[in-house]
Amino acid sequence: MSIALDNEVDAAAARAAAVVRPSIWVRLIRQPSVAIGGAIMAVMILIGLLAPLLGTVSPTQIDPTTRNRKPGMEITVKADDGSTFKRTVIMGTDSLGRDVYSRVIYGARVSLIVGVTVATISIVVGVFIGLVSGYIRWLDGIVMRIMDGLMAIPGILLAIGLVSLFRAGLGTVIFAIVVPEIPRVVRLVRSVVLSIREEPYVEAAVSVGTPLPLILWRHILPNTVAPVIVQGTFICASAILAEATLSFLGIGIPTDTPTWGNIMAEGRQFFRVFPHNIWCPAIFLAVTVLAVNMLGDGLRDTLDPKMSKRV
Amino acid sequence: MLVFISRRLLSTIPVLIFVAVFVFMLLRLTPGDPAAVIAGDNATSDQVDAIRAKLGLDEPIWTQFYIWVSKAFAGDFGESFFFKKTVAELIAQRIQPTLSLALCTLVLAVLIAVPLGVLAAARQGSWTDRIVMGFSVLGFSVPAFVVGYLLIYIFAIQLGWLPVQGFRRIEEGFGEFITRLILPSITLSVIYIALISRITRASVIETLGEDYIRTARAKGLPARVVLLRHALRNAAVPIITVIGIGIALLIGGVVVTESVYNIPGIGRLTVDAVLARDFPIIQVVILMFSFVYVLINLLIDIAYSFFDPRIRY
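Protein chains in written order, with this note's numbering: chain A, 1 to 311; chain B, 1001 to 1313.
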């Protein structure tokens, strides 16, 4: 019966909301930064998914005869059957003769995978720890001391330390970027839990003997959704940057995988003569991160107006 | 106030202990035998045994930790595997470039970001505001190494105004020293400026809504005096807090910037150490930077209670 009542109340609230203002989706899409950021992200995801169809060649194909070509030059390629044909390299080639355009396009895949995976894992883990720590008092002290300790180590330094422990690879990089992000999610979720646990509806749920997991799931978790989505967007942006930074320093994803950071790391040596190896991936990287940040700003202004005042 | 200060000091201790334990465990957490990891792929089993004995890895973990901590207190962080020098010596050699870069950046960032933030707040909603905020989002989105190469390309390669890379110690002449720090400092300050100007704007906008601002305006004070003396001063706490928190960004940025500009500082040392799996160096760098970060933020918190009589913890 109580469920039916809930639904009636919800329905009434929804009707009232519909009269007062348009639905959340409409409000989101009307926010220019959400629209622009989202559109750019959609394009990037499409580029990543459709990489083989976008006029790319193999991003790892080394060709000693066409090394260091500047963007827009025409190169002669020898096909497998021995015939040759001409092809324009719109972003040039690197010092091993690999096609920079193809590498940049395939690089989008790694960046997006890292961004989305890091955001998802840190949120799932962070929300779980935050919920439990915020609600169970005796655990709170211990958990928060550990989180304070993790936050005392500057993020990229912690990631560098973790990367040094394991074999280089996508998994290691994701793990190394996730760990510094978790305390930030935990703090956020915990602060929401601490304010919500005093609400009358939580007290009511406790008094009728609702089991703890159910209270957390049904009454507390929904309140964390909006701030966590916003935070997740920012984590995605900083994870993409962190992966590029680690790869650029040569301690991230192995150099045979084309990532934006790796392309730039490779381009450092001949930067004075062939700066295109740095500019091309840099533009993609900056535009992607900018789009995710804009999306985050827009989401925050719409979903979580209280937080937007806090900068 | 004394109660607050001592409580704040005490709360720092567990954090520092956590960092120390974490850094100590870093090497011991490696999957497999740490001695084998250090020795590298081509080591003989004798070499591995020698390293194990040298590091005391045969001892129980608590004894190892005790030895490590007591040596660390005496300034003995062991010897670098790769450079064959003591870590303390290496750090001492490399501290000047890093410290000068960080200080230059800090001064530059505060001098640029605070006025920008105040300007944006005073003209909230105007084009100035939008441009400043747009720059701020951009600053968060463009990684330091891209900014670095952009500046090198424009000011060093195309215009030839400044040297491309490298570092000169201050003893070799101040002019040489400072011209080589200009581009790295600008590079490193971009994200810091983005952060500080954002918070300054938000904080000043909030104080501008206070009653005493209206009073100050009503009694006919010039807008500039209201803005700087009444609004900015009262908005200072969040600004100073974020300058402290931003040190974490600064430390991360140092590693990248030093690599771009070939500055032989601690950041470069860190990257070289990771590539060579030189754990004593990695450990000390993380330990040192984290302690600096925690202690600066501790000092900032304590400073508030002196300078801002409203704060009662």
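Quick reminder that beta carbons are idealized off the backbone N, C-alpha and C, glycines included.
Small disclaimer: the values here were computed from a predicted structure and weren't measured.
Item: A:Thr233 burial status per 10 Å Cβ neighbour count (16 or more: buried); Value: buried
Item: When B:Ser1189, B:Val1284 and B:Gly1166 are compared against B:Thr1179, the one with the closest alpha-carbon; Value: B:Gly1166
Item: Neighbour flag for B:Pro1143 against chain A, beta carbons, 8 Å; Value: yes
Item: Status (buried if at least 16 other CB within 10 Å, exposed otherwise) for B:Thr1200; Value: buried
Item: CB contact below 8 Å: A:Asn293 versus chain B; Value: yes
Item: Span of the alpha helix (DSSP H) around B:Gln1096; Value: Val1087 to Ala1122
Item: Boundaries of the alpha helix (DSSP H) in which A:Glu314 is found, first to last residue; Value: No information on residue 314 of chain A is available, as it lies outside the stretch 1 to 311 that chain A covers here.
Item: Residues within the region 148 to 165 of chain A neighbouring chain B, beta-carbon criterion of under 7 Å; Value: Asp148, Gly149, Ala152, Ile153, Pro154, Gly155, Ile156, Leu157, Ile160, Gly161, Val163, Ser164 and Leu165
Item: Backbone secondary structure at B:Glu1336 - three-state DSSP; Value: Any question about residue 1336 of chain B goes unanswered here, given that chain B covers just 1001 to 1313.
Item: Own chain residues within Cβ distance below 8 Å of A:Gln231, not counting five before or after; Value: Ile123, Arg184, Val185 and Leu188
Item: Bounding residues of the alpha helix (DSSP H) (the contiguous stretch that carries A:Met151); Value: Arg137 to Met151
Item: C-beta contact flag for B:Leu1249 and B:Tyr1192 at 8 Å; Value: yes
Item: Any chain A beta carbon closer than 8 Å to B:Tyr1313; Value: At B:Tyr1313, the pLDDT of 49 sits below 50, so the modelled position is not reliable; the number obtained from the coordinates is stated separately. No, B:Tyr1313 lies away from the interface with chain A (no Cβ there is under 8 Å from its Cβ).
Item: Partners in chain B for A:Met91, counting only beta-carbon separations shorter than 8 Å; Value: The contacting residues do not exist; A:Met91 stays about 16 Å from chain B at best.
Item: Close beta carbons around B:Ala1273, own chain, < 6 Å, minus the five adjacent residues each side; Value: Ile1281 and Ile1282
Item: Option nearest B:Val1114 by Cα separation, candidates B:Ile1243, B:Gln1093, B:Trp1062 and B:Pro1014; Value: B:Ile1243
Item: Whole-Å CB distance - B:Thr1187 paired with B:Ala1144, under 8 Å assumed; Value: 6 Å
Item: According to DSSP, residues forming a beta bridge with B:Thr1241; Value: According to DSSP, which records beta bridges pairwise, B:Thr1241 is partnered with nothing at all.
Item: Within 8 Å, strictly: CB atoms of A:Pro59 and A:Ser102; Value: yes
Item: In chain order, each alpha helix (DSSP H) run of at least 4 residues that lies wholly inside the region 1125 to 1211 of chain B; Value: 1127 to 1141, 1144 to 1151 and 1174 to 1208
Item: Per-residue burial, A:Pro32 [other beta carbons within 10 Å of its own, 16 or more giving buried]; Value: exposed
Item: Stretch-stretch touch, CB-based, cutoff 8 Å, three pairs: the region 115 to 122 of chain A with the region 165 to 179 of chain A; Value: yes
Item: Selection from A:Arg69, A:Gly107 and A:Thr65 that minimises the alpha carbon distance to A:Pro52; Value: A:Gly107
Item: Burial state of A:Glu181, where buried means 16 or more other Cβ atoms lie within 10 Å; Value: buried
Item: Close-in-space but distant-in-sequence residues of the same chain around A:Val57 (CB under 6 Å, 5 per side omitted); Value: Asp99 and Ser102
Item: Coil, strand or helix - A:Thr245 by DSSP; Value: helix
Item: Residues that DSSP places opposite A:Thr93 in a beta bridge; Value: A:Asp99
Item: Cβ pair B:Gly1148, B:Val1260 closer than 8 Å; Value: yes
Item: 7 Å CB neighbourhood of A:Phe248 in its chain, flanking five on each side removed; Value: Gly261, Met264 and Ala265
Item: Residue interval of the alpha helix (DSSP H) (run including A:Arg295); Value: Correcting the residue type first, residue 295 of chain A is Leu in the shown sequence and not Arg. Segment His276 to Leu303, the alpha helix (DSSP H) holding A:Leu295.
Item: Backbone secondary structure at B:Ser1011 - three-state DSSP; Value: helix
Item: Pair within 8 Å by beta-carbon distance, B:Ile1286 and B:Val1023; Value: yes
Item: Cα-Cα separation between B:Leu1295 and B:Val1146, rounded to whole angstroms; Value: 31 Å
Item: Other residues of its chain near B:Asp1076: CB distance less than 8 Å, five sequence neighbours each side excluded; Value: Thr1086 and Ala1088
Item: Close Cβ partners of A:Gly126 (< 7 Å) along its chain, the five nearest in sequence each way excluded; Value: Ile182, Val185, Val186 and Val189
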